[in-house]
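For the sequence shown, our numbering gives the first residue as 219, with consecutive numbering after it.
Backbone N, C-alpha and C fix where the C-beta goes; we use that ideal spot for every residue, glycine too.
As the structure is a prediction and not an experimental result, all values here were calculated from the model.
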Amino acid sequence: MISFRFHLISLVAVFLALGLGVLIGTTVINRGIVSQLESRTEDLSGQLDGVREEVADLQALRDLWTAFGLEAMGPLLDGRLAGSRVLVVVQDGTDDGSIDGLLASLRGAASTPEDVVGPIFLTGRLALRSDAERAELAAILGVSASEDVEVLRTQAADMLADRLAFGATGDRVLEELLTAGFLIDEGRRLEETDLGELGGPGQVVVAVAGGPAGSSLNPEAFLVPLVEELARDQVTVAAGEPVDGEEEEPPFVSVIRSDGDLASRVATQDNLDQMPGQIGMVVAIEDLLDGVAGHYGVKDGATRPFPEL
Numbered sequence: 219m220i221s222f223r224f225h226l227i228s229l230v231a232v233f234l235a236l237g238l239g240v241l242i243g244t245t246v247i248n249r250g251i252v253s254q255l256e257s258r259t260e261d262l263s264g265q266l267d268g269v270r271e272e273v274a275d276l277q278a279l280r281d282l283w284t285a286f287g288l289e290a291m292g293p294l295l296d297g298r299l300a301g302s303r304v305l306v307v308v309q310d311g312t313d314d315g316s317i318d319g320l321l322a323s324l325r326g327a328a329s330t331p332e333d334v335v336g337p338i339f340l341t342g343r344l345a346l347r348s349d350a351e352r353a354e355l356a357a358i359l360g361v362s363a364s365e366d367v368e369v370l371r372t373q374a375a376d377m378l379a380d381r382l383a384f385g386a387t388g389d390r391v392l393e394e395l396l397t398a399g400f401l402i403d404e405g406r407r408l409e410e411t412d413l414g415e416l417g418g419p420g421q422v423v424v425a426v427a428g429g430p431a432g433s434s435l436n437p438e439a440f441l442v443p444l445v446e447e448l449a450r451d452q453v454t455v456a457a458g459e460p461v462d463g464e465e466e467e468p469p470f471v472s473v474i475r476s477d478g479d480l481a482s483r484v485a486t487q488d489n490l491d492q493m494p495g496q497i498g499m500v501v502a503i504e505d506l507l508d509g510v511a512g513h514y515g516v517k518d519g520a521t522r523p524f525p526e527l
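Structure representation (structure tokens):
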């Protein structure tokens, strides 16, 4: 007769065998998984090294072309805007790199760096979010503060455009907009005599918007009406923006390009954050002075990336 002790030992042996089997099987499976993971890690590491090498090569190539562009900029631009005085007007929040690159190109093309004035920034105060701002702008314009906000901004844009188109004719709208902080002079700090000489026939205006900072002032609220009025006043005016801006950035260049009449009188360049765009803007202005308005860059509405040299 088989004793209970024998049954107990048999059961223990069976469970022990099962446990050992599971342990051994798990170890084999785990080892297989570990081997696969190690293999994949080695592959990914190799791919990463390859990507790093490609990135290093691309960075070296970029640096080479940047250096070439800087060296070529002088001969390409020298004298193209000789005899012209250029004012740069910028929407608050615009990309700093675009502004700096544009100013360098314009100064390289002008007779002297002093022929490039600005940038003069349109500030967020022109959004007229408070009653005090609305009243202050109305006082400068000589109209009632009860006027609609859009009407006030449009009148301000028209008056500023006329001041830039025809020069100082007795009003002090430019000076008062600067004093009140609706405009900010970020250039060489124009003195009173410089402001008096700013504008008038032969003045070229370059309007720029777009960038990562954003602004409470939509370009369509002031900068676009300013460009429209400048064009009506027969001013040579060009508009530009960077390729890379903030997500869902308010339109600027696209608005100008979509207006057939305005597009026939204003040149545009939509990649001012890139060296080809900075050089292209100068050539576009040169063509505009000869009566040809072109649209260049990489966005919708551009006829080609770069003006013909």
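Going straight from the alpha carbon of residue i to that of residue j, what length do you get?
| i | j | result |
| --- | --- | --- |
| G417 | N489 | 27 angstroms |
| L527 | D380 | 32 angstroms |
| A327 | A398 | 33 angstroms |
| R325 | E332 | 8 angstroms |
| Y514 | F384 | 29 angstroms |
| L299 | L321 | 13 angstroms |
| S302 | D310 | 25 angstroms |
| K517 | R475 | 11 angstroms |
| G519 | T259 | 47 angstroms |
| E438 | I338 | 18 angstroms |
| I497 | S364 | 45 angstroms |
| V335 | L262 | 53 angstroms |
| A374 | L355 | 8 angstroms |
| R390 | L401 | 13 angstroms |
| V510 | L448 | 16 angstroms |
| F524 | P494 | 7 angstroms |
| A345 | L370 | 10 angstroms |
| A481 | M291 | 27 angstroms |
| A357 | A427 | 27 angstroms |
| V473 | V442 | 8 angstroms |
| L392 | L413 | 8 angstroms |
| G268 | V500 | 40 angstroms |
| D403 | D314 | 15 angstroms |
| L255 | R270 | 22 angstroms |
| E504 | G360 | 37 angstroms |
| S534 | A274 | Nothing in the structure corresponds to residue 534, since the chain is present only between 219 and 527. |
| L276 | L395 | 47 angstroms |
| D479 | V471 | 14 angstroms |
| Q265 | D462 | 29 angstroms |
| G458 | G512 | 12 angstroms |
| L506 | L305 | 15 angstroms |
| T330 | D296 | 11 angstroms |
| P468 | N436 | 6 angstroms |
| D318 | V484 | 22 angstroms |
| R522 | T486 | 11 angstroms |
| D376 | L382 | 10 angstroms |
Can you name the residues that DSSP bridges to residue i?
| i | result |
| --- | --- |
| A425 | V307 and A457 |
| Q487 | G458 and Y514 |
| R522 | Y514 |
Could you have a look at residue i and say whether DSSP puts it in helix, strand or coil?
| i | result |
| --- | --- |
| L401 | strand |
| R381 | helix |
| A374 | helix |
| D508 | coil |
| A278 | helix |
| S316 | helix |
| A300 | coil |
| D322 | Note that residue 322 corresponds to Ala in the displayed sequence, not to Asp. Residue state, collapsed to three classes: helix. |
| P293 | helix |
| Q492 | coil |
| G414 | helix |
| P437 | helix |
| A530 | Residue 530 is absent from the structure shown; the chain starts at 219 and stops at 527. |
| R390 | coil |
| L396 | helix |
| G268 | helix |
| G498 | helix |
| L262 | helix |
| L255 | helix |
With a threshold of 6 angstroms, establish whether the CB of residue i neighbours any heavy atom of the ligand GTP.
| i | result |
| --- | --- |
| T486 | Although the ligand GTP was asked about, the structure shown includes no ligands whatsoever. |
*Return the chain-ordered ranges of every alpha helix (DSSP H) run that is complete within the region 324 to 372 and spans a minimum of 4 residues.*
349 to 359
_Those runs of the alpha helix (DSSP H) which lie wholly inside the region 442 to 479 and span at least 4 residues_ = 471 to 476
_Any contact between the region 420 to 431 and the region 448 to 456? By contact I mean 3 or more CB pairs, one from each, below 8 angstroms._
yes
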